[in-house]
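Going by numbering that gives the first Met the number 0, the final residue of the first sequence carries number 485, and the count climbs one at a time with no gaps.
Ideal Cβ positions, reconstructed from N, Cα and C, are used throughout, including at glycine.
Since the model is a prediction, treat every value here as computed from it, not as a measurement.
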Amino acid sequence: MALKFYNSLTKKKELFTPLHEGRVNMYVCGPTVYDHPHIGHAKSYVSFDVIVRYLRYLGYKVRYVQNITDVGHLTDDADAGEDKIIKRAQRDHVEPAELVETYTRSYFDDMDAINNLRPDISPRATAHIPEQIELVEKLIEKGLAYASGGSVYFDVRKFKEYGKLSGRKQDELEAGARIEINPEKKYPADFALWKKAEPGHIMRWKSPWGEGFPGWHLECSAMSMKYLGATLDIHGGGLENMFPHHECEIAQSESANSVPFVRYWLHNNMVTVNGQKMGKSLGNFITLKDAFKKYHPLTIRFFILNTHYRSPLDFSNEALDAADKGIERLHNTIKHLRARLNFAKDGTTPPDINEKLEHYKKVFMEAMDEDINTSAAIAALFDLSKEVNTLLNSAQEYSKKCWEDIDSLYQQLGGDILGIIPKTFSTGASNEADTLTKVIGVLIDTRCELRKAKQWQLSDFIRNKLMEAGIALDDKPDGTTWKRTK
RNA sequence: GGCGGCUUCGCCAAGUGGACUAAGGCCACGGUUUGCAAAACCGUUACCCUGGGUUCGAAUCCCAGAGCCGCCUCCA
């Protein structure tokens, strides 16, 4: 068994070997925190979370860095774009730092809910301005960047490999119809490393070139270098960032360090909503907070992992409903098995069951090894469940050890690696509350029917027993409400 | 205009040259089980977009066509 990744740089599946044996340095482009996270963020970060989890399961010591972009970036043509963080901050009458704090927390809340492990380091761009300025200076010293009108640009023509990731040719870029002419630039494809702050621009820092702010590709290069070194094992991100963002990162980092920047480039595909592209600029994005109102976070996680990370994912209610039922079936088996475990007797695990467990583990791992084929891995979990359900239904008694072995396998594969199987099912507080509401609703409806039939004894029985349980009923002309008494 | 991708059962989705007479989930229909249900189990459901070609052999490779989509401006 050997892990393989599809490397966007070479466009091939390659055997994964880290630069330093046993250790993996991994960087993933994080969110710009000017709004609540949406399902596109979920797909991206769930995908990379599972990669991190799998690498760790395989025994690698992983350092996972994911930046928080807390400075809004303009397009690299002066005044052509807008700074989204500043714009939002002005709209909401808050400090940019305040806005960014709000949405950073929102981001972590949602990522926690969807069961992503926290990155080891979540560096903020604004906390690394000196590092970014240093990098710019280094590039100027090396003659690869030039200052012009208070800004600094990367001289793309000096980096002959520019375009190697996205498959673009420099002369084609020059002809690109949508690149506006910026007189400060020597060459149209040159990109900003540092931008001069115009008088109204709130977020600004002192620099050797006057007051300004970092260009939008710079932070990833500066921070990955600081925490992971000049060459990363894995760099992940969304497909849409391949050009220009990742291309520019390569240019900056490789020019500065003269070593390869990234060994394995991993790009996840995009989310569509009912077949249409979902994007911040299109305004049709579904926030996770909204999605969580309708679906359990683990359902969304399961739904995401049911598709390969390099395939696009279409978000529709029909597909989510199907996923919801699917994960419920998986969970049901495990709930039953854990219930059985509690009153099983001591003993051993039969060899044939051990063999089966080994078999499904092998199938699962082989799927994961093939560029993290979570879809096939989940299929193995369902196949396993079919067997387990058969055991649960059979008249044969199995030992505590046997059920524990099965549970442990679910814990490893579905829990530790995929993160779709919780350690316990009772802790879902909001879920429990929701169920309680429904259960009381049933009791109230039943009692209502009894009262209509003048079955006072039974209806009072329900009210009194609920009162004992801490639920007080209140009959009003237009219906019955309830509240907790303790 | 340039670059790239996708098209597999009613729906979602793996598989990318040989045990594919195509995984898994959802839905549907039979059956087993059940007091009736539910859950579970068993079974049924695919000429792999079209047309050529390469090959002993193609869903998988090549060419052409149709349809859909992404990137080339910020976006996960």
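Looking at the DSSP output, E369 shares a beta bridge with K3.
A Cβ-Cβ separation of about 4 Å places N24 in contact with L227 under the 8 Å criterion. S257 counts as exposed, since fewer than 16 other C-beta atoms from the protein chains shown sit within 10 angstroms of its C-beta. For N268, there is no enclosing alpha helix (DSSP H), as DSSP gives it neither H nor E. In this structure I299 touches A290 by the C-beta definition: roughly 6 Å separates them, less than 8 Å. When secondary structure is reduced to three states using DSSP, Y145 falls in the strand class. Taking 8 Å as the cut-off, the Cβ atoms of K3 and D370 count as close. Around the C-beta of P213, 16 or more other C-beta atoms lie within 10 Å, and the residue is accordingly described as buried. When the Cα atoms are used, L231 and P122 turn out to be separated by approximately 16 Å. Sequence-distant Cβ neighbours of S220 in its own chain, meaning closer than 7 Å and more than five residues away, are L134, E248, Q251 and S252.
In the three-state DSSP reduction, D232 falls in the strand class (E or B). N115 has its alpha-carbon roughly 24 Å from the corresponding atom of A126. For N331, there is no enclosing beta strand (DSSP E); the enclosing alpha helix (DSSP H) covers residues N316 to N341. The beta-carbon separation of N268 and R309, rounded to 5 Å, stays under the 8 Å limit for a contact. Where E13 is concerned, the enclosing beta strand (DSSP E) starts and stops at K11 to L14. Closest in C-alpha terms to Y56, from the list Y145, R22, H35 and V70, comes R22. Contact check for L98 against D91 passes: the beta carbons are separated by less than 8 Å. Annotated as distal: V27 and T103, with beta-carbon spacing of 8 Å or more.
Taking 8 Å as the cut-off, the beta carbon of Y294 is found no closer than this to the beta carbon of D313.
Taking the C-beta atoms as reference points, H37 is found nearer than 8 Å to I285. Between A112 and the set V45, T68 and V70, the nearest pair of CA atoms involves V45. Residue burial is scored here from C-beta neighbours: F342 has fewer than 16 other C-beta atoms within 10 angstroms and is therefore classed as exposed. Rounded to the nearest whole angstrom, the C-alpha separation of S150 and R203 is 13 Å.
Only residues of its own chain outside the window of five on either side were considered, and among them V135, S150, V151, S206, W208, G211, P213 and G214 have a CB closer than 7 Å to the CB of W193, listed in chain order. Between A471 and W481, the gap from beta carbon to beta carbon is short of 8 Å.
Residue nearest to Y409 within the set G142, K334, A144 and E317 is K334 (criterion: CA-CA distance).
The beta-carbon distance between F190 and F153, rounded to whole angstroms, is 5 Å. This is short enough to meet the 8 Å contact definition. With contacts defined as CB atoms closer than 8 Å, Y359 and L329 fail to qualify as a contacting pair. For F153, the beta-bridge partners assigned by DSSP are A144 and F190.
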